[in-house]
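For reference, each letter of the sequence shown is one residue, going 168 to 444 in the numbering used here.
Even for Gly, the Cβ is constructed at its ideal location relative to N, Cα and C.
Here is the structure we will look at, set down as structure tokens.
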Amino acid sequence: MYDTFAVRALIDLWLTEDVGCFDLTAKLMVDPAATATLYMNAREPMTLAGIDVAAMVFTRYEPAITAEVVATDGDRVEKGTILMKVSGPAQALLTAERTALNIVQRLSGIATETQKYVDAIAHTKARLLDTRKTTPGLRMLEKHAAACGGALNHRLNLADGVMLKDNHIAVCGSIANAVAIARKKVPALTKIEVECDRMDQVAEAVEAGADVIMLDNMDNAVMAEAVEMIAGRALVEASGGIRLDTIAGKAETGVDFVSTSRPFQSAPAVDIGLDDA
């Protein structure tokens, strides 16, 4: 999910960056009275994300454009699937084309990569979480794309939850003291998560009453031992160096969640075209 008001502001920035003063080629080559109908289509299999945002790019640039979206974010689509039909002034369609394609290709790339990670752990109880390691300015939309691929969103920003990492714990003196301080002040429905990379820290976090325990960069055997120790007294998240070839083993340790930034950082843009038929 995303806030359409905020997205409109982003679109204005994107169009300002890409168009500049005006589209010189379109102004020179295309009759101002000409109209056109174009079709956005998938040129490879993908999990779709950002199609409504792409439609907003066209209509934001030129309100006379009509954008008919015929696919839905989260759909797994095959090569050749028509995603959207746009009609209106030809100059405006050609000017807004690249900005619209850039965002839907980027977001669908993230959704498609995320889906691979989700599929890799589908045989376990674990759910995939995303992270805050997103492209600056695009977090809201990239996290939407991750959700389209089947992931659950972790914190959208630092105000969304309490995450006690090693430096927070060092400042407070101990896990027990850090959790106690947070518990006194945290909003009633907000969870407290503690990052642990050793078994003694896991035991302390459980005793302190942490809601979520992150097992950071532990090998699978130690992680399974930690899950057994926690024994359902807190939710358990595996994190650190998670890749597509390692995620299944992490999930099979019995954790509740596996978090990774890899779909954000390594997803290639998918191939989507805008054609006249």
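- For arginine 350, the enclosing alpha helix (DSSP H) starts and ends at 342–352.
- DSSP places glutamate 184 within a helical segment (H, G or I) once states are collapsed to three.
- At least 9 Å separates the beta-carbon of alanine 234 from that of alanine 278.
- For the segment 271–318, the full-length alpha helix (DSSP H) segments reaching 4 residues or more read 306–315 along the chain.
- With respect to the 9 Å criterion, alanine 434 and glycine 317 are not classified as neighbours on the basis of their beta carbons.
- Per DSSP, the continuous beta strand (DSSP E) segment holding alanine 203 begins and ends at 202–209.
- Distance from the CA atom of glycine 328 to the CA atom of isoleucine 359, rounded to whole angstroms, is 7 Å.
- The C-alpha of arginine 400 lies about 50 Å from the C-alpha of glutamate 184.
- Cα atoms of methionine 213 and arginine 227: separation of roughly 26 Å, rounded to the nearest angstrom.
- A check of alpha carbon separations from cysteine 363 across Ala355, His335 and Leu356 identifies His335 as the nearest.
- Here the alpha carbon of phenylalanine 424 sits roughly 6 Å from the alpha carbon of leucine 295.
- At a Cβ-Cβ threshold of 9 Å, isoleucine 232 and glycine 255 count as neighbours.
- DSSP places threonine 357 outside both helix and strand once states are collapsed to three, so it counts as coil.
- Pairwise C-beta distances place the segment 240–260 in contact with the segment 200–211, as three or more of them are shorter than 8 Å.
- In the three-state reduction of the DSSP assignment, alanine 405 falls in the strand class, which pools E and B.
- Under the three-state reduction of DSSP, aspartate 442 is assigned to strand.
- Ranked by Cα distance from proline 303, the options Ala436, Phe431, Ala444 and Tyr284 are led by Phe431.
- Beta-bridge pairing by DSSP links aspartate 383 to Ser406.
- Remark: C-beta atoms of valine 369 and methionine 330 do not approach each other more closely than 9 Å.
- For isoleucine 270 against valine 220, the beta-carbon gap comes to about 6 Å, under 8 Å, which counts as contact.
- For aspartate 179, the CB contacts under 8 Å within the same chain, skipping 5 residues up- and downstream, are Arg227 in chain order.
- Taking all protein chains in view, the Cβ of alanine 267 is crowded by 16 or more other Cβ atoms within 10 Å, so the residue is classified as buried.
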